[in-house]
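K.L.:
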Amino acid sequence: MHVHKYERWWLTFGMGMLLVFLGAIAFAAFADNMNPPSGLRAIDPTKVSKTPPFDHPGVRRLADGSYEAYYVAEVFSFEPPTITVPAGKKVTFFVTSPDVVHGFFIAKTDVNMMAVPGWVNSDSHVFRTRGTYLLICHEYCGIGHQNMFAKIVVR
Ligand code: CUA
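Numbering (the working numbering) for the sequence shown: 3 to 157.
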């Protein structure tokens with residue numbers, strides 16, 4: 003079978019790109035340790051309001067000087083609606099939902115999670131710049147989705 007020269011180049015290019023992308027995925031997975039979330043904490047979605055620490059959502063300061071922020075995402079708000087944390091300190095966010103899937107995205111950061119009923123998701127961030135950050139739900143969750151946001155004040 004005759005394969006035209008340009009066809010052969012193009013096939014080689016395609017195969018090469020495939021290997022490059024597979025290599026990039028393997029590098030991210032193994033060298034950068036980027037994996038799908040595992041070991042998520044389970045929570046009974048019908049008992050979120052009675053399960054500590056989600057019965058009192060909010061910010062806690064840990065003994066090592068870092069912070070934890072517990073959030074409940076439910077139609078169509080975040081609890082607490084506003085928190086204040088210091089700049090330059092590590093803040094670990096924990097979020098769960100008692101009703102439907104919500105998003106948890108803090109604008110101008112790489113904190114981007116889903117709040118899934120039955121699970122506690124978490125991510126950490128160090129705010130370098132003071133100001134007010136917008137926390138938004140970026141998963142369509144119903145008729146009031148566009149009103150679902152909260153504020154994070156960094157001092
Ligand atoms: Cu919650 Cu969209």
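Glycine is no exception: its CB is placed at the ideal position from the N, C-alpha and C atoms.
Owing to the predicted nature of the structure, the values given are computational and were not obtained by experimental measurement.
Could you compute how far the alpha carbon of Ala89 sits from the alpha carbon of Arg63?
P.N.:
13 Å
K.L.:
Out of Glu9, Val128, Phe56, which one is the CA nearest neighbour of Val155?
P.N.:
That would be Val128, whose Cα lies nearest to the Cα of Val155.
K.L.:
Excluding sequence positions up to five away, which residues of its chain have a Cβ less than 6 Å from the Cβ of Phe107?
P.N.:
Asn114, Ile138, His140
K.L.:
Does the distance between the C-beta of Val77 and the nearest non-hydrogen atom of the ligand CUA fall short of 8 Å?
P.N.:
Yes, the ligand CUA has a heavy atom inside 8 Å of this Cβ.
K.L.:
Any idea if Ser99 is buried or exposed, counting beta-carbon neighbours within 10 angstroms, 16 or more meaning buried?
P.N.:
buried
K.L.:
Taking the beta carbon of Gly105 as the centre, do at least 16 other beta carbons fall within 10 Å, making it buried, or is it exposed?
P.N.:
buried
K.L.:
Under 9 Å, do Gly120 and Asp57 count as touching if we go by C-beta distance?
P.N.:
no
K.L.:
Mark Ile85 as exposed unless 16 or more other C-beta atoms lie within 10 angstroms of its C-beta, in which case mark it buried.
P.N.:
buried
K.L.:
Which word fits Asn149, buried or exposed, when buried means at least 16 other C-beta atoms lie within 10 angstroms of its C-beta?
P.N.:
With fewer than 16 Cβ atoms within 10 Å of its Cβ, Asn149 is classed as exposed.
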